Amino acid sequence: MSSPDKEFTRLVEENRGIIFKVIRLYVNHEEDQKDLYQEIIFQAWRSYPRFERRSKFSTWLYRIGLNTVLTFKRRPNVIEHHDDMSAFTIADKTTSSDSESLYLAIRQLNEIDRMIISLHLDGYENEEIADIAGLTKNHVAVKLHRIKDVLVKTLKPV
Amino acid sequence: MDLKKAWKNLEKEKLSLPVTGTIAIPKQSKHPVAGIINTFALSLVFCTLFGGIFMALIFVMDQLIVQIGLAVITFFYGVLFTINWRVLHKVKALHKSDEKVLNVLHGVHAIVSHTIKFQQRLSWIFFPICVAGGFVLGVSMKKDAAAMMVQPKFYLSLIVTMAVITPAAYLLSKWMTNLSHGKYLKQIDELIRQAKED
Chain A
94 MSSPDKEFTR LVEENRGIIF KVIRLYVNHE EDQKDLYQEI IFQAWRSYPR
144 FERRSKFSTW LYRIGLNTVL TFKRRPNVIE HHDDMSAFTI ADKTTSSDSE
194 SLYLAIRQLN EIDRMIISLH LDGYENEEIA DIAGLTKNHV AVKLHRIKDV
244 LVKTLKPV
Chain B
3 MDLKKAWKNL EKEKLSLPVT GTIAIPKQSK HPVAGIINTF ALSLVFCTLF
53 GGIFMALIFV MDQLIVQIGL AVITFFYGVL FTINWRVLHK VKALHKSDEK
103 VLNVLHGVHA IVSHTIKFQQ RLSWIFFPIC VAGGFVLGVS MKKDAAAMMV
153 QPKFYLSLIV TMAVITPAAY LLSKWMTNLS HGKYLKQIDE LIRQAKED
């Protein structure tokens, strides 16, 4: 294996948690997960010569992961509907853990909102989120405010 | 609920769970844009193949009118090759996964919609020429095409054949394109809408 290959493999190995996170936030189907995992590595490898080290590798990989997940063609039988989460009832809210409730609530958001809140909860500043998403900082702030409102309402114990 | 704390737990309990697969660099992409790129690459192969076959037929056929028809078709395949080559390079340049998410969505949307429009526009030129070429070639197999071409019956038959086959082939190709790309275009459209809404 040549030196750039080794370096790339090491960086992906160190940051593979980001790939798992992106995939698990968007895809349930095991075959889709496998395909996406391979595809994200492929897209990262293809784009690696353009990686200029202006940002951290993790941020760069996060962006590639999100782009790949969002633009991947979904299997017709596993197109996600927000209604799928309708089974998430008030009773569940009291019995499931906070993290499980948060997961279900995030999965109810649309795909772009899901990306914004996950970046925010991962500690990215609004400016960085805006840079990853291609939105303005103000737009991200407005969206985050609305998303948090939705999450608080969804997670509010009855 | 403390969202950040819950998120940390969620990462630990669920999101960091490994997905089956190794870190080996895959040789092929399963991305839809890679599919589009492959289609264009394949069309270049077909253009070369058919262009070559029609060019060879020019030397095989002995009727001048058929040779002229074949030369027109060969020229058309050359034009088609050039157009496909340019579009292929444009698509390759547009598809970058490390750009900003909204830029990538717009890029993929542009690739898919451009491909659909390109194929539909091209089919209005491609199908009639193919039908006419096939018709003349078919006639020349049993009769003298030049002699047949002075008869009004020839043109009537050609017009009827073209009038039936061209729209049918156009509709079939439109249906097939929508089947392969239509749903995907809607998926990207929806994501762009989500990104733009407040």
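Chains A and B, in that order, give the protein sequences.
For what it's worth, our numbering labels the leading residue of the first sequence as 94, then goes sequentially.
For what it's worth, our numbering labels the leading residue of the second sequence as 3, then goes sequentially.
From the three backbone atoms N, C-alpha and C, an ideal C-beta is built for every residue, glycine too.
Keep in mind it's a predicted model, so treat the numbers as computed, not measured.
Taking B:L104 as the centre and dropping the five residues before and after it, the same chain places the C-beta of A197 closer than 6 angstroms to its C-beta, in chain order.
Interface residue (Cβ-Cβ distance to chain B less than 8 angstroms): A:Y196 is classified as such.
About 6 angstroms separates the beta carbon of B:I27 from that of A:I134, a gap short enough to meet the 8 angstroms contact definition.
Listed along chain B are H33 and S99, each with a C-beta nearer than 8 angstroms to that of A:T161. Within the region 84-152 of chain B, complete alpha helix (DSSP H) segments of at least 4 residues are found at 103-144 and 147-150, given in chain order. Nearest in C-alpha terms to B:A134, of all of B:L174, B:S125, B:L160 and B:A112, is B:L160.
Only residues of its own chain outside the window of five on either side were considered, and among them Q65, I67, V68, V138 and V141 have a CB closer than 7 angstroms to the CB of B:A147, listed in chain order.
B:A112 does not reach chain A, its nearest Cβ partner there being about 12 angstroms away, counting only Cβ pairs nearer than 7 angstroms. For A:R167, the secondary structure class from DSSP, reduced to helix, strand or coil, is coil. A:L129 is not a Cβ neighbour of A:R207, given a cutoff of 8 angstroms. Between A:I240 and chain B, the shortest Cβ-Cβ separation is not below 8 angstroms. At a cut-off of 8 angstroms between beta-carbon atoms, A:V233 makes no contact with chain B. For B:N11, the enclosing alpha helix (DSSP H) begins and ends at L5 to L12. Interface residue (Cβ-Cβ distance to chain A less than 8 angstroms): B:Q196 is classified as such. In the same chain as A:T247, and ignoring 5 residues on each side of it, the C-beta atoms closer than 6 angstroms to its own belong to A198, in chain order. From the beta-carbon of A:F165, the residues of chain B found nearer than 7 angstroms are H33.
When only Cα atoms are considered, A:E221 and B:L72 end up about 59 angstroms apart. Its Cα nearest to that of B:K10, the residue A:H213 stands out among A:H213, A:A234 and A:H238. Residue contact check for B:N40 against chain A: no CB pair falls below 8 angstroms.
Across the region 139-160 of chain A, CB contacts with chain B closer than 8 angstroms involve R139, S140, R143, F144, W153, R156, I157, L159 and N160, in sequence order along the chain. For A:I116, the CB contacts under 7 angstroms within the same chain, skipping 5 residues up- and downstream, are Q126, L129, Y130 and V162 in chain order. Secondary structure at A:V233: helix, using DSSP grouped into helix, strand and coil. Look at B:I118: its C-beta is not under 8 angstroms from any C-beta on chain A. Closer than 8 angstroms at the C-beta level to chain B, one finds these residues of the region 100-116 of chain A: F101, T102, V105, E106, R109, G110, I112, F113, K114 and I116.
Counting C-beta pairs with one atom in each stretch, the region 176-186 of chain B and the region 112-121 of chain B have three or more that are closer than 8 angstroms, which means they touch. Sequence-distant partners of B:W87 (beyond 5 residues in either direction) whose C-beta falls short of 7 angstroms from its own C-beta, in its chain, are L46. Check the Cα spacing between A:D242 and each of A:D224, A:L202, A:E218 and A:V120: the tightest is with A:L202.
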